[in-house]
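Each position in the sequence shown, counted from 1, maps to that position plus 7 in my numbering.
The beta-carbon is built from N, C-alpha and C at its ideal position, and this holds for glycine as well.
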Amino acid sequence: MLKLATYVLYDVLRNKILLIYTILLLFISVGLFQMEENNNKAMLGVLSIILIVIPLVSLVFTTIHFYNSYEFMELLLTQPQSRSKVFYSEFLGVSIALLVAFIIGIGIPVLLYTFSVLSVYLLLSGVVLSLIFCSIGFLISTISRDKAKGIGIALMVWFYFALIYDGVLMIVLFLFSDYPTEKLTFLFSALNPIDLSRVFVMLKMDIGALMGYTGAIYKAFLGKNTGILFSITLNAIWIVLPLWMALRTFKQKDF
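Next up, the structure:
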């Protein structure tokens, strides 16, 4: 499997879109630190990129790559290769390539300009989001055989997590404003990996007050060791569960 994953990684790294993505991330992140004298403000800009751009590119790029690799996977499956081996090789190749692009484009500038515990948390959030949305991309691609439909679903999923989700949360809180909503708010926020990463990193930046009600709830919970452990566990589930579901679908898929 390692040999096959290495081949997939090499093939993905040669992709021009991935190269452009890496250069753009590098250009934007360096530009933010050059324009801002205050590194914390620059970090906020980098955080916005991580929360919006990283999930979008990881999700769409993974989905497109999977559909473009159908013929290659069909060829591999005619050989004495198990479906699990082919599937995990594809996932490792794509996910590692995305992580390499993220580390070069954002990781290196962040560590060079401001090496701190905060920068480590920031980069870990980007790594986790890359893996989560890569995993979700594989799930979408295995469920839908049609490429256009799959890409459309991927964009809708990103649109929901990045934009629509906040509106839905505000409506729910408004409807139940007469009741204690602390636990409900925390539950809804934890079910969105983007929101979870955003609040977690901003709390580490010690600006939880800027997040109002949600920030106060997370400050009370995530400031404790049990809260941090819960956050790590939840992110791990976001990576493993979609990937496991995608593997099950892939094994049953009729190529």
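Ranked by how close their Cα comes to the Cα of Cys-141, the residues Leu-63, Ser-89, Leu-83, Ser-123 have Leu-63 in first place. Residues of the same chain with a CB within less than 7 Å of the CB of Val-37, apart from the 5 flanking positions on each side, are Pro-116 in chain order. DSSP places Tyr-95 in the uninterrupted alpha helix (DSSP H) bounded by 90 to 109.
Annotated as proximal: Met-252 and Leu-146, with beta-carbon spacing under 8 Å.
Look at Lys-156 here: in three-state DSSP terms it is helix. DSSP places Phe-40 in the uninterrupted alpha helix (DSSP H) bounded by 23 to 42. Following the DSSP letters along the chain, one finds Phe-79 inside the alpha helix (DSSP H) bounded by residues 77 to 84.
Three or more Cβ pairs closer than 8 Å define a contact, and the region 8 to 17 meets that threshold against the region 96 to 104.
When the five nearest sequence neighbours on each side are left out, no beta carbon in the same chain lies closer than 6 Å to the beta carbon of Val-164. By the criterion of a C-beta distance shorter than 6 Å, Leu-33 is surrounded in its chain by Gly-112, once the five residues flanking it on both sides are discounted. Beyond the five residues adjoining it in sequence on each side, Ala-161 comes within less than 7 Å, by CB distance, of Leu-66, Val-67, Thr-70, Gly-144, Ile-147 in the same chain, given in chain order. The alpha carbon of Leu-131 has as its nearest neighbour, out of Val-53, Gln-41, Arg-255, Leu-254, the alpha carbon of Val-53. With respect to the 8 Å criterion, Ile-201 and Ala-243 are not classified as neighbours on the basis of their beta carbons. Within the same chain, Cβ atoms closer than 7 Å to the Cβ of Ala-104 are found at Leu-16, Val-19, Leu-20, Leu-25, the five residues on either side in sequence being excluded.
Secondary structure at Ser-142: helix, using DSSP grouped into helix, strand and coil. The beta carbons of Ile-56 and Ile-27 sit about 15 Å from each other, so the pair does not count as a contact at 8 Å.
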